[in-house]
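Below you'll find the structure, written out as structure tokens, and then a few comments.
In full-length UniProt numbering, the protein residues as written are 1 to 418.
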């Protein structure tokens, strides 16, 4: 079993388009939620979203390439550029191209491209549909584009597990390196679905908050929560085999030590209220990761563990995730520091786990636990320490990131301080 470390991180988010601005946003408790500007939401029940602001793709992508990329791919390329630059990896120089991989997923893919080209077909006929429609729309293209850019000819796997996509991508990349299939993998998730069709669809399946109050719509673990707020962006990590990173003198940010992957096998959109499989994913990750021993008992001080919760602000998710944490940690659950950064970023769908993995690494590097902002009304069924309204400086040993997706997909990863 090889050790796996993080040597680069990058992000494009509703609270910052690079790592420095993202971290500043976390320290400030910055609210990334606002009224929708991408289209006129006048006829929509839901009028708020967490949009990426002031994103300039030309910082990362040549102009003649932009028209061939859906926005979700642009976000992925930008975040990957940041992460790879920080890592210092260069295929053919300090890493073998055949041992360099890409695991970047998207929950939905190029939905905006799909919608726009459908309009063209309806209004102007088939000859007007773009020749780039299919490669722009498909959910593997962010991974393919990043692989082309960095000559990464090793394993390339675009995971699609709805809201668990980013975390599964990181976890599968971790296991691939751990078992010797690659020396480094660029991994995470990307999403860009703030458009009329997606907002209508998520609204009509009763997933989104309908408060339309930018300060009270994304309120994880608050008793008045009524749904999530749609976000967008990308979070990317470079994972690398430890000895490979050491040989080339890389700056190691954290170690990834555990990964759990289970399915509720219960319902298309609702989590299992018994939280059995979600708890099992956390247990597997925490036992593999060193937080629990092989018998499931604590192997470290729970007060030195941070959990970045899935915490979507939906009535069922937050209650069932709280129950899962209690199943895994017992009475020690009350000593954990937990927060949902979706209170700031909204729910970035397939990108959520990537960004929250980046945030977990930042928490370890800076010994800082970001807050769950806009928390006001306690819920007796969500009674753990959710780091409400203000972040906390605390010496940490481990950070855990949970993601729970439509279809019952559960993913959990564990990072350890180096």
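Note that beta-carbon positions come from the ideal geometry of N, C-alpha and C, so glycine has one too.
When the Cα of residue i is compared with those of the options, which residue comes out closest?
{"i": "residue 211", "options": "85, 227 and 200", "result": "227"}
{"i": "residue 236", "options": "256, 261 and 166", "result": "166"}
{"i": "residue 21", "options": "45, 34 and 82", "result": "82"}
{"i": "residue 203", "options": "49, 93, 172 and 340", "result": "49"}
{"i": "residue 163", "options": "3, 311, 339 and 391", "result": "311"}
{"i": "residue 336", "options": "298, 199, 27 and 313", "result": "298"}
{"i": "residue 220", "options": "15, 180 and 386", "result": "386"}
{"i": "residue 481", "options": "29, 47 and 80", "result": "Given that the chain is displayed from residue 1 to residue 418, the structure contains no residue 481 and the question cannot be resolved."}
{"i": "residue 199", "options": "15, 115 and 68", "result": "115"}
{"i": "residue 15", "options": "381, 370, 397 and 398", "result": "370"}
{"i": "residue 323", "options": "266, 181 and 273", "result": "273"}
{"i": "residue 314", "options": "121, 217, 176 and 254", "result": "217"}
{"i": "residue 340", "options": "328, 307 and 361", "result": "307"}
{"i": "residue 45", "options": "120, 128, 196 and 67", "result": "196"}
{"i": "residue 239", "options": "231, 171 and 292", "result": "171"}
{"i": "residue 381", "options": "37, 181 and 224", "result": "224"}
{"i": "residue 429", "options": "187, 1, 230 and 267", "result": "In the structure displayed, the chain extends from 1 to 418; residue 429 sits before or after that span and is not available."}
{"i": "residue 157", "options": "144, 148, 151 and 149", "result": "144"}
{"i": "residue 149", "options": "287, 64 and 84", "result": "84"}
{"i": "residue 288", "options": "261, 301, 266 and 275", "result": "261"}
{"i": "residue 105", "options": "30, 325 and 234", "result": "234"}
{"i": "residue 205", "options": "120, 152, 252 and 268", "result": "268"}
{"i": "residue 136", "options": "112, 395, 265 and 41", "result": "112"}
{"i": "residue 132", "options": "178, 124, 67 and 119", "result": "67"}
{"i": "residue 92", "options": "26, 330 and 152", "result": "152"}
{"i": "residue 292", "options": "78, 395 and 329", "result": "329"}
{"i": "residue 25", "options": "391, 405, 395 and 406", "result": "391"}
Do residue i and residue j have their CB atoms nearer than 7 angstroms?
{"i": "residue 316", "j": "residue 271", "result": "yes"}
{"i": "residue 403", "j": "residue 372", "result": "no"}
{"i": "residue 103", "j": "residue 169", "result": "yes"}
{"i": "residue 12", "j": "residue 52", "result": "yes"}
{"i": "residue 76", "j": "residue 142", "result": "yes"}
{"i": "residue 258", "j": "residue 160", "result": "no"}
{"i": "residue 368", "j": "residue 393", "result": "yes"}
{"i": "residue 214", "j": "residue 33", "result": "yes"}
{"i": "residue 364", "j": "residue 417", "result": "yes"}
{"i": "residue 263", "j": "residue 278", "result": "no"}
{"i": "residue 138", "j": "residue 107", "result": "no"}
{"i": "residue 333", "j": "residue 384", "result": "yes"}
{"i": "residue 243", "j": "residue 154", "result": "no"}
{"i": "residue 357", "j": "residue 295", "result": "no"}
{"i": "residue 176", "j": "residue 182", "result": "yes"}
{"i": "residue 362", "j": "residue 60", "result": "no"}
{"i": "residue 2", "j": "residue 241", "result": "yes"}
{"i": "residue 360", "j": "residue 302", "result": "no"}
{"i": "residue 134", "j": "residue 117", "result": "no"}
{"i": "residue 286", "j": "residue 397", "result": "no"}
{"i": "residue 55", "j": "residue 31", "result": "no"}
With which residues is residue i paired in a DSSP beta bridge?
{"i": "residue 263", "result": "409"}
{"i": "residue 347", "result": "230"}
{"i": "residue 187", "result": "103 and 237"}
{"i": "residue 16", "result": "13"}
{"i": "residue 416", "result": "255 and 398"}
{"i": "residue 382", "result": "379"}
{"i": "residue 369", "result": "392"}
{"i": "residue 35", "result": "48"}
{"i": "residue 404", "result": "410"}
{"i": "residue 208", "result": "228"}
{"i": "residue 8", "result": "238"}
In chain order, what are the residue ranges of uninterrupted alpha helix (DSSP H) at least 4 long that sit wholly in the segment 48 to 78? 63 to 66
Would the segment 276 to 294 count as touching the segment 407 to 418 if we require 3 or more Cβ pairs under 8 angstroms? yes
For the structure I just gave you, are there three or more beta carbon pairs, one from the segment 343 to 358 and one from the segment 190 to 201, closer than 8 angstroms? yes
In chain order, each alpha helix (DSSP H) run of at least 4 residues that lies wholly inside the segment 223 to 287: 242 to 247
At least three beta-carbon pairs within less than 8 angstroms, the segment 239 to 257 to the segment 83 to 98: yes
Output the residue ranges of the alpha helix (DSSP H) runs that lie fully inside the segment 284 to 342 and measure 4 residues or longer, sorted by chain position. 315 to 329
Within the segment 90 to 170, ranges of the beta strand (DSSP E) (whole runs, at least 3 residues): 100 to 105
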